[in-house]
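Asks: In the order they appear, the protein sequences are chains E and Z.
So the first sequence is numbered by our numbering: it starts at 0 and just counts up by one.
So the second sequence is numbered by our numbering: it starts at 591 and just counts up by one.
Heads up, the beta-carbon is just placed ideally off N, CA and C, and yes, glycines get one too.
Just so it is clear, the structure is predicted and the values come from calculations on it, not from any experiment.
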Amino acid sequence: MTAPLARPSERHTEALLLFVVGLLAVLGFVLAALGLAVSAGQPPWPAALPALWPPILFALLFAGLHLLLRRGRVEMEQVLLPLVALLSAVGLVMIWRLRGESGVSQQLLRGFLPGALVMAVLILRPRWVDAIRRWSVPLSLIGLALALATAFFGVVDETGARLALKLGPLPALQTSEILKVALIIFLADYIAREGEKAEARGRPFAGWLRVPALRYFVPGLLFVVMATLALVLMSDFGAAIILAAIFAGMLYAGFETRLFVTVAAIGLGLALVVIAVLVFTWKIPAVVQMRFIAFADPWSTAPLVINGRPLGITVSQGPGYQIQQALYAIIAGGVGGTGLGFGSPQYIPLAWSDFIFASLLEEMGAVVGFAVLVVFAIVLLRLLRLAALLPREQTFERLLLAGITIHLFAQVFIMVAGTINLLPLTGVTVPFLSLGGVALAINLSEIGIALALVRRLEALPA
Amino acid sequence: MLTVQTVLFAAKWVFVALIYLVLLLVLVAVRREMALRLRAGQPLPSTAPGRLRVAEAGSDPRLHPDEVLLLKPTTTLGAEADNDLILLDGFVSAHHARLRWDGAGWWLEDLGSKNGTYVNSERLVPLAAQQVALGARLRLGDTVLELQA
């Protein structure tokens, strides 16, 4: 006779999983510290002790969230939080190895702390998701305004892009991350409110297709055009691609197929016309040109010429360099990896943010890289499953979850594919792994929204 | 000779093993969750003319008195996750009993359970299907279910 299954309300599964993740984080930090000391020829054991505070602080944050969920008597969804914790732990270990104490404290203070705070608030007050819905228009307009402000007054970084907004004494803000969430909230509310009317007023066109009444689409299109404009002015093309993915994905989730196909075809046609006009009248931004040249052949020794102007370096010395280094790192890692602290991921430019997946593959190997991808897949499926479990009338919440899923998926896909030169490289972060304050806080808040919706779902009368 | 490098090499694989342990536990949890169909409010696909009303909920925390469970033409009952009706009762065996609709009536068979299956407080002979009338009270462990049309 088998023992009866444990009562789900006690969240045993989540507690057990978080415990294993905590162990894993401590072990990872100690391994990284020891490995670094050994390869530097120093005595290893004294290095282990200072590596203990970040995983302990990290474990306390997630244990706190677990206790909140337990206090809220939430029974369902016990794997989402531990999986996110696992990704974050692996990323944090890698950041400790690459950037040491300063990188880890930046990640914990500017990413995990605000992110966990938002999660805690959302778990404690799941009704606040309604507030997001009620205030969706002002919220998303604030996001748009911040992005536009960055486009005009932002801090110009070394590559000539304006990515961050400096507001007084506050640390610089990556406003493109906020813009992505603003778009998700805006579209979820917009489609939930106008979607059915737009469908009902759709006119048949060329037999099978349906054209929606134009006035239902003007505000949505206006928002997307403004957002894209801001990102182009900021030279943040990675974020523009993510935005387009969110837009297309949420329209697909929200509208009937025939309407979606029509709108998507119109949108694609417009985008092609805009691109064609830009190509013939205006120069393609140098960053984009370099990314495509590097993608086509990162090893090429042809001299690099942008807009007819030779830059005096070859492709492989210039834009191809970071892809080459990433590929070398992945090859050096192989299946089992070199071991933390024994590889040389520091040769990859931006190894701790854009290329964290390559550094992970080098030192932890393909076994861990594969596991990380599987974990991402499970997280995304759990979010979609939750969206499917919500009652039909909660259109806003379901679309919100769809948007969050698409956002996370697009970032993971674009960055992992860029790392292995399957797609031209774009500068976005890998969710939960990369070093990046606002981006991490936003991603954690998105998981917080999902957990709040789980709690609200359970409160419904059966 | 146990060097630091050897220890680190072994510890690295412990780290990898822990990651895969998390994945394994997640898969087990998801599988178990899929089995807990009762709570998710998804009734079993029903083509058979019968239902079970919970008369006494026993020690299964998910069952409530007077809750109605739908039956499939062949419905297996037990504590294990692969049953059609999962009873998390401490006295219910892994594969406890089977209810079968033959087109005219219901047949109940005890699958060799440890604590037996009772129909109106009469213990069934194991592995021998016996016809049960509508309104009969079936007892498995502490759980009492009433067969209804």
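Using DSSP with H/G/I as helix, E/B as strand and the rest coil, what is E/Val-429?
Replies: Note: E/Val-429 maps to coil in three-state DSSP.
Asks: Would you check if the distance between the CB atom of Z/His-686 and the CB atom of Z/Leu-730 is smaller than 7 Å?
Replies: Contact: yes.
Asks: Where do the N-terminal and C-terminal ends of the beta strand (DSSP E) with E/Arg-463 fall, by residue?
Replies: Shown here, chain E extends from 0 to 461; a query on residue 463 of chain E therefore has no answer.
Asks: Starting from Z/Tyr-708, find everything on chain E with Cβ-Cβ shorter than 9 Å and list it in chain order.
Replies: Going along chain E, no residue has its Cβ under 9 Å from Z/Tyr-708, so there is no contact; the nearest lies around 17 Å.
Asks: Please tell me whether Z/Lys-602 has its Cβ less than 7 Å away from any Cβ of chain E.
Replies: Cβ-Cβ to chain E under 7 Å: yes for Z/Lys-602.
Asks: Check the Cβ of E/Gly-338 against every Cβ in chain Z and list those closer than 7 Å, keeping chain order.
Replies: By Cβ distance, chain Z contributes Leu-598, Phe-599 and Lys-602.
Asks: Exposed or buried, E/Gly-63, counting other C-beta atoms within 10 Å across all chains shown (16 or more means buried)?
Replies: It counts as exposed.
Asks: Which of the three DSSP states is assigned to E/Val-37 in this structure?
Replies: Helix at E/Val-37.
Asks: Are three or more beta carbon pairs between the segment 60-74 of chain E and the segment 375-394 of chain E nearer than 8 Å?
Replies: The segment 60-74 of chain E is not in contact with the segment 375-394 of chain E.
Asks: Secondary structure at Z/Arg-690, three-state DSSP: helix, strand or coil?
Replies: Residue state, collapsed to three classes: strand.
Asks: Near E/Ala-171, which residues of its chain fall below 7 Å by C-beta distance, leaving aside the five closest residues on each side in sequence?
Replies: The residues are Val-154, Ala-163, Leu-164 and Lys-165.
Asks: Nearest CA to the CA of E/Lys-419: which residue from E/Leu-16, E/Gln-321 and E/Ile-312?
Replies: The displayed chain sequence assigns Ile, not Lys, to residue 419 of chain E. Comparing Cα positions, the closest option is E/Gln-321.
Asks: Identify the continuous alpha helix (DSSP H) that holds E/Tyr-251 and give its terminal residues.
Replies: Where E/Tyr-251 is concerned, the enclosing alpha helix (DSSP H) stretches over 236-253.
Asks: Is there contact between the segment 358-377 of chain E and the segment 386-400 of chain E, where contact requires at least three CB pairs shorter than 8 Å?
Replies: No contact exists between the segment 358-377 of chain E and the segment 386-400 of chain E.
Asks: Please name the residue, chosen from Z/Ala-739, Z/Leu-698, Z/Leu-737 and Z/Phe-681, that lies closest to Z/Arg-688 on a Cα-to-Cα basis.
Replies: Measuring from the Cα of Z/Arg-688, the nearest candidate turns out to be Z/Leu-698.
Asks: Measure the Cβ-Cβ separation of E/Val-37 and Z/Val-606 and say whether it is below 7 Å.
Replies: Cβ atoms of E/Val-37 and Z/Val-606: not closer than 7 Å.
Asks: Just the C-alpha distance for E/Gly-237 and E/Gly-426, rounded to the nearest angstrom, thanks.
Replies: E/Gly-237 and E/Gly-426: Cα-Cα distance of roughly 5 Å.
Asks: Can you say whether E/Ala-126 is buried or exposed, counting buried as having 16 or more other CB atoms within 10 angstroms of its CB?
Replies: The identity of residue 126 of chain E in the sequence shown is Arg, whereas the question assumes Ala. With fewer than 16 Cβ atoms within 10 Å of its Cβ, E/Arg-126 is classed as exposed.
Asks: Between the segment 284-302 of chain E and the segment 310-318 of chain E, do at least 3 Cβ pairs fall closer than 8 Å?
Replies: Verdict: yes, contact present.
Asks: Rounded to a whole number of angstroms, what is the C-alpha to C-alpha distance between E/Phe-279 and E/Pro-218?
Replies: Cα to Cα, E/Phe-279 sits roughly 29 Å from E/Pro-218.
Asks: Under DSSP, the beta strand (DSSP E) around E/Gly-311 begins and ends at which residues?
Replies: Taken as a continuous stretch (DSSP letters only), the beta strand (DSSP E) holding E/Gly-311 covers 308-313.
Asks: Compare the C-beta of Z/Leu-608 against all C-beta atoms of chain E and say whether one is closer than 7 Å.
Replies: Closer than 7 Å to some Cβ of chain E, the Cβ of Z/Leu-608 qualifies, so yes.
Asks: For E/Ala-226, which residues of its own chain have a beta-carbon under 7 Å away from its beta-carbon, when the five flanking residues on both sides are left out?
Replies: The answer, listed in chain order, is Leu-143, Ala-146, Leu-178, Leu-182 and Leu-242.
Asks: CB E/Gly-402 to CB E/Ala-187, shorter than 7 Å?
Replies: In this structure, E/Ala-187 lies closer than 7 Å to E/Gly-402 by Cβ.
Asks: In or out: E/Ala-88 buried (at least 16 other Cβ within 10 Å) or exposed?
Replies: Buried.
Asks: Consider the Cβ of E/Gly-27: report whether some Cβ of chain Z lies at a distance smaller than 7 Å.
Replies: So yes, E/Gly-27 belongs to the interface.
Asks: Any beta carbon from chain E within less than 7 Å of Z/Ala-619's own beta carbon?
Replies: Judged by the 7 Å Cβ criterion, Z/Ala-619 is in contact with chain E.
Asks: Under a Cβ-count criterion, where at least 16 other Cβ atoms within 10 Å of its own Cβ denotes burial, should Z/Ile-542 be classed as buried or exposed?
Replies: Lying before the first or after the last residue shown, residue 542 of chain Z is absent from chain Z, which here runs from 591 to 739.
Asks: Establish whether the CB of Z/Leu-615 and some CB of chain E are separated by less than 7 Å.
Replies: With 7 Å as the cut-off, Z/Leu-615 counts as an interface residue toward chain E.
Asks: Are E/Phe-28 and E/Val-78 touching if we call contact CB-CB under 7 Å?
Replies: Not closer than 7 Å, so no.
Asks: Using the rule of at least 16 other Cβ atoms within 10 Å of the residue's Cβ for burial, across every protein chain shown, is E/Ala-2 buried or exposed?
Replies: Only weak support exists for where E/Ala-2 lies, its pLDDT of 39 falling under 50; the value from the coordinates is given anyway. When all chains shown are included, E/Ala-2 counts as exposed.
Asks: Closer than 8 Å between beta carbons: that is the criterion. Which residues of the segment 643-657 of chain Z meet it against chain E?
Replies: Listed by position, the residues of the segment 643-657 of chain Z near chain E (Cβ gap below 8 Å) are Ser-649, Asp-650 and Pro-651.
Asks: Under 7 Å between the Cβ atoms of E/Val-180 and E/Ile-441?
Replies: Contact: yes.
Asks: Kindly list the residues whose CB is nearer than 8 Å to the CB of E/Phe-294, restricted to its own chain and excluding five residues on each side of it in sequence; keep chain order.
Replies: Taken in chain order, the residues that qualify are Ile-322, Asn-420, Leu-422, Pro-423 and Leu-424.
Asks: From the beta carbon of Z/Pro-635, is the nearest beta carbon of chain E less than 7 Å away?
Replies: Its pLDDT being 44, under 50, Z/Pro-635 is placed unreliably by the model, and nothing is read from it.
Asks: Answer with yes or no whether the minimum CB distance from Z/Val-734 to chain E is below 7 Å.
Replies: No, because no Cβ of chain E sits closer than 7 Å to the Cβ of Z/Val-734.
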